[in-house]
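In this note's numbering, the protein residues as written are 18 to 251.
Have a look at this one:
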């Protein structure tokens, strides 16, 4: 049997279901959920402090009830995971610019629920290690992801042209720059706006662009074209 180092340090009471261990697990669950929620709130995400605290707390209480009732099947714990999964699916949104919003936050909620289950089961060391890994994934790795994404040969853009007649000029220009259109789709959400709006999947094929240009620089150059109303990466 594997002994949890933190539980071994605290004493046998922390591994049993008693008042002190329940209070400890609930307190740790709320604190960890709060810390993750603070990170999300600081970046102005919809699911923030209270949402993460409640998800973590609900999972912890669910598994504590299963343990207290002595069930062989963790029915309440399974139900809590399913409930969190439903919440996370409903929190993912598609914008009019074909952007997916809330995906990272929804997965973070699901992961926070799993943390709640872990601490409720008395796996203190696993919980702390997983919490630190989750917090790093949410707060530190986005910078690495952004750098790699900006250097990729493939990217997608939201393009607004002042008139549909300029599409041919735009296509000719990006081909001269060393870009290939993999996919183009007209955005019907802007039909009555007077603009010609598209979502484009592009590939950098020119050697010069591959070596020296980032997506930000390419999009800035395309945005300077007089017939481009707006362009941004999605």
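Note that beta-carbon positions come from the ideal geometry of N, C-alpha and C, so glycine has one too.
*Residues near residue 225 in its chain [Cβ-Cβ closer than 8 Å; skip 5 each side]*: 195
*When the Cα atoms are used, what is the spatial distance from residue 96 to residue 57?*
25 Å
*Tell whether a beta-carbon distance below 7 Å holds between residue 123 and residue 105.*
yes
*Are the Cβ atoms of residue 51 and residue 70 separated by less than 7 Å?*
yes
*asked:* Less than 7 Å between the beta carbons of residue 40 and residue 76, yes or no?
replied: no
*asked:* According to DSSP, simplified to helix, strand and coil, what is residue 141?
replied: helix
*Can you tell me where the beta strand (DSSP E) with residue 21 in it begins and where it stops?*
Note, residue 21: premise wrong, no beta strand (DSSP E); not H, not E.
*May I ask you to report which of helix, strand or coil DSSP gives residue 156?*
helix
*Nearest-angstrom Cα distance between residue 165 and residue 86?*
49 Å
*Ordered along the chain, which non-local residues of its own chain (more than five positions away) have a Cβ less than 7 Å from that of residue 202?*
215 and 216
*Can you give the beta carbon distance from residue 129 to residue 53, rounded, assuming they're within the 8 Å contact cut?*
6 Å
_Using only the alpha-carbon positions, how far apart do residue 197 and residue 191 sit?_
7 Å
_residue 185 versus residue 175 - alpha carbon distance_ = 16 Å
*For residue 216, write down the residues that DSSP places opposite it in a beta bridge.*
175 and 202
*Close-in-space but distant-in-sequence residues of the same chain around residue 38 (CB under 8 Å, 5 per side omitted)*: 30, 31, 32 and 139
_Assuming contact is defined by CB atoms lying nearer than 7 Å, are residue 144 and residue 152 in contact in what I supplied?_
no
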